[in-house]
Amino acid sequence: MRLAIRHMTSYTYDTPVLSSSQIIRLSPRIDGGQSVEKWSVEAFATLDQTSPPVAVRLLPGTDGHQNGTHLLSIARRHTSSSILAMGVVQTTSSDGIVGFDDSDLPLAFWLKQTPQTEAGPPVRDLTLSAWVGHETSSDGGADLEAVHRLMNEVRRRVDYVIGATSVTTTADEAVIRGAGVCQDHAHVFIAAARSLGIPARYVSGYLWPGHHEVATASHAWAEAWVNDLGWVGFDPANNVCPTEAYVRVAVGLDYFDASPVRGVRRAGPVNEEMVVTVQVDPVKADADVLTSPAS
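Under the working numbering, think of the first position of the sequence shown as 116, with each following residue one higher.
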């Protein structure tokens, strides 16, 4: 599938911000059955209310998980800023199988618990319900059917409800509430898998809504290490393995490790308004996709 993606994040402040710095993870990965036809990441800032936006230089790089990154640093007073990522990605369906990557990180790294993925009694109870009769192998992998059962149980116990949680909600809290969004489903799945000794990681990316039940263009899911297959994607929010409608952007231990944009600002008391718009559309192989200016 050929997907055209446009992702705009805008910030406006009621009083000028003295400076801001952000780490951006908005560049699709070139692995797991996808390739990038073209992609760009741009940033703009408005220095005062009467001036037009000016381009801001971005410093490209790669983080410890081999995610493409850009460092944004605005060292001048500004009243608004925006980040525009857009391009075209080619995807193929592999039933969620990403396979064996060339990461230098040992599989044991992906067993590390974080505050968002620590498995307390609520997650352990969910895990027990799904895992009766199954075992993990000596290398930490698991049977594919068993991990599917774990995904099914996460979706059964945690309904998709927008506004029920926040970015700081833990896996245990989401299970107790019985509600959350895609990031919560991923955290619960990851917490459960790691509690069983199965390496698991968080994935942020894009999803062409199509026929999916949870039809958010900006999406999150998980990957687990499965015997003989390597990394395999699981999307508990939709209760499916990723297809060609999914675009992988970043992986990490949890949301904070793979979030699209994170940063800090230097200012006094200030109210910030953030607006995020994401559009994902399939395009024909011979169709040209034009870039659009920041707006």
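Every residue gets a Cβ at the ideal spot worked out from N, C-alpha and C, and that includes glycine. If you're wondering where the values come from, they're calculated on a predicted model, not measured in any experiment.
Host alpha helix (DSSP H) of ASP369 (start-end): Taken as a continuous stretch (DSSP letters only), ASP369 belongs to no alpha helix (DSSP H), as it is neither H nor E.
Distance between ALA335 and PRO408 (C-alpha atoms, nearest Å): The predicted model places PRO408 with a pLDDT of 47, which falls under 50 and marks its position as unreliable; any figure quoted below should be read in that light. Distance between the alpha carbons of PRO408 and ALA335: 27 angstroms.
Assigned secondary structure, PHE215 (DSSP; H/G/I helix, E/B strand, else coil): coil
Outcome for SER281 when other beta-carbon atoms lying within 10 angstroms are tallied against a minimum of 16: exposed
For LEU311, the three-state DSSP class (helix, strand or coil): Coil.
Neighbour-count burial assignment, ASN386, 16 or more Cβ in a 10 Å radius: Classification for ASN386: exposed.
Spatial neighbours of SER410 in its chain, beta-carbon cut-off 7 angstroms, leaving aside the 5 residues before and after: Residue placement at SER410 cannot be trusted, given a pLDDT of 42 that sits under 50; what the coordinates show is reported in the next sentence. So the list is empty, once near-sequence residues are dropped.
Buried or exposed (CB count within 10 angstroms, at least 16 for buried), GLU94: With the chain covering 116 to 410 only, the question about residue 94 has no answer from this structure.
Counted within 10 angstroms of its Cβ, other Cβ atoms place GLN231 as buried (16 or more) or exposed: Counting other Cβ atoms within 10 Å of its Cβ, GLN231 reaches 16 or more and is therefore classed as buried.
Cβ-heavy atom distance, LEU187 to the ligand MN, below 6 angstroms: Here there are no bound small molecules, and the ligand MN is not part of this structure.
Beta-carbon proximity list for ARG264, same chain, < 7 angstroms, skipping 5 on both sides: ALA245
Under 7 angstroms between C-beta atoms of TYR317 and VAL395: no
Span of the alpha helix (DSSP H), counted from its first residue to its last, around SER239: The sequence as given places Arg at residue 239; Ser does not occur at that position. First-last of the alpha helix (DSSP H) with ARG239: 236–246.
Run of the alpha helix (DSSP H) containing ASP287, from where it starts to where it stops: 286–292
The region 347–361 / the region 208–220 touching (three or more Cβ pairs under 8 angstroms): These segments touch.
Touching by the beta-carbon criterion (3+ pairs, under 8 angstroms), the region 183–194 and the region 117–133: yes
Bounding residues of the alpha helix (DSSP H) (the contiguous stretch that carries HIS193): HIS193 -> not in any alpha helix (DSSP H); beta strand (DSSP E) instead, spanning 193–206.
Cutoff 7 angstroms; reference ASP299; Cβ partners in own chain excluding five residues on either side: VAL273, THR280, THR284 and ALA289
Inter-residue spacing [alpha-carbon to alpha-carbon] between THR127 and VAL366: 28 angstroms
Range of the contiguous alpha helix (DSSP H) that encloses ALA339: It is not in any alpha helix (DSSP H) - ALA339 instead sits in the beta strand (DSSP E) that spans 333–341.
Buried versus exposed call for THR165 [16 or more other C-beta atoms within 10 Å across all chains shown]: exposed
Same chain, Cβ closer than 6 angstroms to ARG144, neighbours up to 5 away in sequence not counted: ARG363
Reduced DSSP secondary structure (H/G/I, E/B, other) of HIS300: helix
Nearest candidate by alpha-carbon position, reference MET266, set ASN354, SER155, PRO236 and SER310: When only C-alpha atoms are compared, the closest one is ASN354.
For ALA160, the first and last residue of its enclosing alpha helix (DSSP H): From DSSP, ALA160 is part of no alpha helix (DSSP H) but of the beta strand (DSSP E) over 149–161.
Whole-angstrom distance between ASP217 and GLY147, CA atom to CA atom: Roughly 12 angstroms separates the two Cα atoms.
CA nearest to the CA of THR229, picked from ASP258, SER310, VAL151 and VAL213: SER310
Buried or exposed by the 16-neighbour rule on C-beta atoms within 10 Å, applied to SER333: buried
Supposed contact pair ILE139 and HIS185 - C-beta distance, whole angstroms, cut 8 angstroms: 4 angstroms
N-terminal and C-terminal residue of the alpha helix (DSSP H) that GLU268 is part of: That run of the alpha helix (DSSP H) goes 259–272.
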